[in-house]
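Each remark here refers to the structure printed beneath this line.
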Ligand SMILES: NC(=O)c1ccc[n+]([C@@H]2O[C@H](COP(=O)([O-])OP(=O)(O)OC[C@H]3O[C@@H](n4cnc5c(N)ncnc54)[C@H](OP(=O)(O)O)[C@@H]3O)[C@@H](O)[C@H]2O)c1
Ligand SMILES: NC(=O)c1ccc[n+]([C@@H]2O[C@H](COP(=O)([O-])OP(=O)(O)OC[C@H]3O[C@@H](n4cnc5c(N)ncnc54)[C@H](OP(=O)(O)O)[C@@H]3O)[C@@H](O)[C@H]2O)c1
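Protein chains in written order, with this note's numbering: chain V, 2 to 475; chain X, 2 to 475; chain Z, 644 to 746; chain P, 644 to 746.
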């Protein structure tokens, strides 16, 4: 039986591997996710057949409650609230890993046999318990702070108070110290073991808060990806505690996934991970500080939905550049409709997707997929950047940083970030609500360029108006 | 110490992985091979620090003798004899794995402790011993037969005698039976254990011979790749016997490599692996049976090096199609020189590389690399196939099957194999020694086509003559 | 030690597999990977079901509930997202109305 | 069991890494992989050095010799081959004579 269960765990790990492999193509990705879910089912079922189960009802009840809550959350969430939801799930994952390690400790200090087969709580295991609790708890509280910032429940501003760095370092030192005490006392005094692990848990929770609080709201996706990596590592550490292969393999895979995503995002923003984690960059404070009105002596030329309709409907080629504002306005359906109407009139319409447009990697792809925009109309930055020069109208919908020419000059927060060359198009129409800057807080010269026309207003409303005009034209 | 050695083994495995990863690009491949060699060094050094070493001199002596022989063999071999050499090394690898497993058995039956730490020769270990001996010995004798066929010491013809299949099946049955006896007797009678494993070894050796002997000489590269996979698996099985992680990881990686190469070769030849292993296909007997003289009523137009020189030097574009004959003639240096002279005269010269030209995957690439032909002149089949129609001269150098239009028709041995469309070129010059068919034994209609001119003779001599003519022209 | 080896191999494997996921799928990858990290549900099951009771059992039970939320919610939400990608592919041939498929 | 897990993970990893090797490098890959399969030299060392003598030691010694041939020969010959590829890259810029580099 033992061997069969081990084989089932291995099969689960294999299903995760195969599932993740299928994530390499949109055509197979859904199947891949289902395979991974199947792997999870196999692992859970196998566990239910372990010997020595004392309270099967507790297991079933826990599964049912968790599954119910998870299903409801997953059903109800808006697609735009994806980053928040991932953050919440992630926090739960980290918490669970830490709690399992704590249960193992409770089992030990309660004088019972420990959960891992054939082991006592030796120094090696104690060390992995510390890792599991530390990483798990940091992931948990960090993820919930990230959730708060992403959902707007906490302010997005980087929070910084005097002595915060000191406090962070102090907590880290404390966590390490009590981790050491825990390992040292693991074979000896039970009260010291309990005390040290409780203090460790609380410090780790506080640490998670302090680590994420100073990071600006807009950098949260990077934080979520990194915490995702941590929650994988926490699961792997728990796997070490229990000597469970399924946990080690899958946890490590997730750790790698999160880490790769983090690196990719940082690269695309042309910033280092350290800069993201310590920068206090990208809060709304930056936005508030910069100009929301045209500065003196500069003029912007405004346009209306009617004019934009005429302009685009007589164009040969229109390139749509979506950005975070599209997600905020939820304008993807209107945009798709507009593009289709233009195509009916013989206009070539393309979408130019910047790698970090939006707030999550692939954010725009998910949004446009939701609105059923066909694949072959989406172009990556490198593919499309040469085409703006032959394009009549570049339609910038709620994008800002990804089209900001300031990136080409040195000495500002987005210097060196590759951008979409919309300014090479004959006319640029920018759909946004004001002149306020984007995520980075860097002012955008594009708005004042001669070839640029601003279409102020919520992107959804503007797009709706254009759609009506186009229908009237036909 | 134990842990440090284990970590060293893990480091060795990691170096193999990183090394093999670098094989993904020609620019990094050499570094990759060196890293893998470094990994091997780490593993060997770590092993020398194991406790309980009884005879260090034996270890050092064995290493020195082996290294000496290996270095001499590697230094002296001709690049064209590569497949043979790999076959020989492979045979040694398989033999070594089997011998290690046998040593473990000898240790046990001699009443001493077994080599693997903390284990006796239980049923599980005994089973892995059987696998290791079986796979290792089959690999060994099979590889040496393959060597014999590749080097021409054994005839290339598929050998088949009455009752061979029966004999093969009998041996396999015997091997399985005595393997079973070995496992069953492992805890009990030492004499039975010894006897059964000796019989198993001998049957496995005979089995390796009988499995490879019926396969035609030209299919040997596929066999070598498959045996390569086996030798990896034998090493992995030995790793199970000894509980050694370095052996398991590396052996499995090699197993995967050999298997992938086997599959790729079979796919490129449009044949199934089963067909290769049982087909009795591709011996010289086929070649002998087919026409080496033009059949009655068919004429071929012959040409001379002089004419070919004129023809190519006034061409705009010449595409060179190398094949196995280039390797036989060792004409790559002359060919490169010829191409360079033509280029000096303003002719565009390209090399078209068919995926299975030659007798090993990438055979032509290795040959042409040896002659310093620059990368950017080599084109894969898909890239270049559309260009023949705009080409003045297609120069087929010792290639046959890969340009045989019979592949486009059903019902013969190469039906369905993709080919290079040389017949679309204005003129085709075929450099080979006779009208005899190639590897597959299928007659080639191309030789009788109106646009084809045959330049009979050894490819090296013909190319040499053309080079002299070109120099005289200049 | 063996566990550590498994860890190293998994890290290599994860790196190989995941660095090839295209940008388009990064959001679903993030949530899908997150769901997989819920594998800790196995540990939670062990903790909830095999503890002798007391603190240990309650910690295990709590772990089980939150881990299951992570697993079930994570896979479902990823599926919802990927479903949209699948739809998009199906409909990319043209803008036929749904009814067109019936014929 | 643990060993079997390591085996499975290695197989996945090998498949990922090796299916991306370009055709150009298949011959060196074959001989390089072959050299790596000589890792059995580690087993041979153990057998040769740790046996109590007799049959076991001689079998181990023989295993050691042939395994080392495989390892040393295999890596060297692969290096020879790959060296040619490296040369080719260097000289692909043009057919300058060697002397040109001195300046
Ligand atoms: N994708 C990722 O993985 C990722 C992760 C972390 C950070 N980032 C960062 O996020 C930024 C993304 O650039 P981006 O150009 O997509 O976005 P952005 O620079 O943040 O600009 C978004 C713009 O949308 C406008 N907007 C907001 N709500 C709107 C509505 N309802 N209707 C119309 N417009 C609206 C805003 O202007 P108004 O307020 O004037 O309307 C704002 O300027 C980059 O700096 C990137 O580095 C991306
Ligand atoms: N690459 C691989 O991985 C691989 C593996 C296994 C099998 N194969 C098979 O091998 C074949 C390869 O096709 P191929 O076109 O390269 O070779 P081929 O069909 O075997 O033909 C080679 C030709 O070279 C000629 N030749 C031999 N020695 C010569 C010399 N000294 N000078 C000039 N010509 C000489 C021979 O004709 P004469 O005797 O008239 O000179 C022969 O017709 C395919 O059928 C493929 O399936 C390939």
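Each residue gets a CB set at the ideal place from its N, CA and C atoms; glycine is no exception.
According to the neighbour-count rule (16 or more other Cβ atoms, all chains shown, within 10 Å of its Cβ), is residue i buried or exposed?
i	result
residue 741 of chain Z	Below a pLDDT of 50, predicted positions are generally treated as unreliable, and residue 741 of chain Z, at 38, falls in that range; no measurement from the model is reported.
residue 428 of chain V	buried
residue 650 of chain Z	buried
residue 371 of chain V	buried
residue 220 of chain X	buried
residue 303 of chain V	exposed
residue 314 of chain X	buried
residue 360 of chain X	buried
residue 554 of chain X	Look at the range of chain X in this structure, 2 to 475, and you will see that residue 554 of chain X is not part of it.
residue 412 of chain X	exposed
residue 655 of chain P	buried
residue 333 of chain X	buried
residue 275 of chain X	exposed
residue 346 of chain X	exposed
residue 391 of chain V	exposed
residue 416 of chain V	exposed
residue 165 of chain V	exposed
residue 697 of chain Z	exposed
residue 473 of chain X	exposed
residue 289 of chain V	Since pLDDT at residue 289 of chain V reaches only 39, below the 50 mark, its modelled position is unreliable, and the value read off the structure follows with that caveat. Residue 289 of chain V comes out exposed.
residue 1 of chain V	Outside the shown range of chain V (2 to 475) lies residue 1 of chain V, about which nothing can therefore be said.
Does the separation of the CB atoms of residue i and residue j fall below 8 angstroms?
i	j	result
residue 343 of chain V	residue 471 of chain V	yes
residue 241 of chain X	residue 646 of chain P	yes
residue 142 of chain X	residue 46 of chain X	no
residue 22 of chain X	residue 660 of chain P	yes
residue 677 of chain Z	residue 232 of chain V	yes
residue 363 of chain V	residue 460 of chain V	no
residue 430 of chain X	residue 394 of chain X	yes
residue 450 of chain V	residue 414 of chain V	no
residue 306 of chain V	residue 82 of chain V	no
Following a CB-centred definition, is residue i positioned closer than 7 angstroms to any heavy atom of ligand 4?
i	result
residue 246 of chain X	With respect to ligand 4, the structure shown offers nothing to examine, as its ligands consist of ligand 1 and ligand 2.
For the segment 23-42 of chain V against the segment 50-64 of chain V, do three or more pairs of beta-carbon atoms, one drawn from each stretch, fall closer than 8 angstroms, so that the two count as touching? In this structure the segment 23-42 of chain V does not touch the segment 50-64 of chain V; the number of beta carbon pairs closer than 8 angstroms is below three.
Note down, in chain order, all residues in the segment 698-723 of chain Z with a beta-carbon under 9 angstroms from any beta-carbon belonging to chain X. For the segment 698-723 of chain Z, the set of residues with a beta-carbon nearer than 9 angstroms to any beta-carbon of chain X is empty.
Inter-stretch contact (C-beta, 8 angstroms, three-pair minimum) for the segment 713-726 of chain Z and the segment 72-90 of chain V: Yes, they touch.
Taking contact to mean at least 3 C-beta pairs separated by less than 8 angstroms, is the segment 307-323 of chain X in contact with the segment 396-409 of chain X? Enough Cβ pairs lie closer than 8 angstroms, so yes.
Kindly confirm or deny that the segment 94-102 of chain V and the segment 125-135 of chain V touch, where touching means at least three C-beta pairs closer than 8 angstroms. Result yes; three or more Cβ-Cβ pairs closer than 8 angstroms.
Check distances from the C-beta atoms of the segment 52-67 of chain V to those of chain P and list, in chain order, the residues that come in under 9 angstroms. Of all residues in the segment 52-67 of chain V, none has a C-beta nearer than 9 angstroms to a C-beta of chain P.
Short-range partners of chain Z found in the segment 241-255 of chain V, where Cβ spacing is below 9 angstroms: Listed by position along the chain: 241, 242, 243, 244, 245, 246, 247, 248, 249, 250, 251, 252, 253, 254 and 255.
Within the chosen definition, does the segment 245-256 of chain X reach the segment 679-698 of chain P through at least 3 CB pairs nearer than 8 angstroms? With the rule of 3 Cβ pairs closer than 8 angstroms, the segment 245-256 of chain X counts as touching the segment 679-698 of chain P.
Taking only runs of the alpha helix (DSSP H) that begin and end inside the segment 320-403 of chain V, which ones reach a length of at least 4 residues, in chain order? Segments of the alpha helix (DSSP H) lying fully in the segment 320-403 of chain V: 325-330, 333-345, 364-371 and 382-385.
Contact residues within the segment 89-103 of chain V, judged by C-beta distance below 9 angstroms to chain Z: Cβ contacts with chain Z: 89, 90, 91, 92, 93, 94, 95, 96, 97, 98, 99, 100, 101, 102 and 103.
If we count Cβ pairs, one from each stretch, closer than 8 angstroms, do we get three or more for the segment 205-218 of chain X versus the segment 59-72 of chain X? Cβ pair count under 8 angstroms is below three, so no.
Segment contact flag, the segment 664-674 of chain P with the segment 700-713 of chain P, C-beta cutoff 8 angstroms, min 3 pairs: No contact exists between the segment 664-674 of chain P and the segment 700-713 of chain P.
Whether or not the segment 87-99 of chain X and the segment 372-389 of chain X are in contact is what I'm after, with contact meaning three or more pairs of Cβ atoms, one per stretch, closer than 8 angstroms; do they touch? No: the two stretches stay apart, fewer than three of their Cβ pairs being nearer than 8 angstroms.
Length at least 4, wholly inside the segment 671-696 of chain Z: the alpha helix (DSSP H) runs in chain order: If one requires a minimum length of 4 residues, the alpha helix (DSSP H) runs lying completely within the segment 671-696 of chain Z are 683-693, in chain order.
Pairs of beta-carbons, one from the segment 123-132 of chain V and one from the segment 222-229 of chain V, closer than 8 angstroms: are there three or more? Judged by Cβ distances under 8 angstroms, the segment 123-132 of chain V makes no contact with the segment 222-229 of chain V, as fewer than three pairs qualify.
Could you tell me which uninterrupted alpha helix (DSSP H) segments, each at least 4 residues in length, are contained entirely in the segment 14-101 of chain V, listed from first to last along the chain? For the segment 14-101 of chain V, the continuous alpha helix (DSSP H) assignments of 4+ residues that do not extend past its boundaries occur at 27-49 and 57-77, in sequence order.
To be precise: take each residue of the segment 15-31 of chain V, compare its Cβ to all Cβ atoms of chain Z, and keep it if any distance is under 7 angstroms. Which residues remain? Cβ contacts with chain Z: 17, 18, 21, 22, 24, 25, 27, 28, 30 and 31.
Alpha helix (DSSP H) runs wholly inside the segment 193-253 of chain X, at least 4 long, in chain order: The segment 193-253 of chain X contains these whole alpha helix (DSSP H) runs: 221-243.
Relative to chain X, which residues along the segment 644-670 of chain Z have a C-beta separation below 9 angstroms, given in chain order? Against chain X - using a Cβ distance shorter than 9 angstroms - the residues of the segment 644-670 of chain Z are 644, 645, 647, 648, 651, 652, 655 and 659.
Output, in sequence order along the chain, the residues in the segment 170-193 of chain V whose CB is closer than 9 angstroms to any CB in chain P. Correct list: empty, as no residue qualifies.
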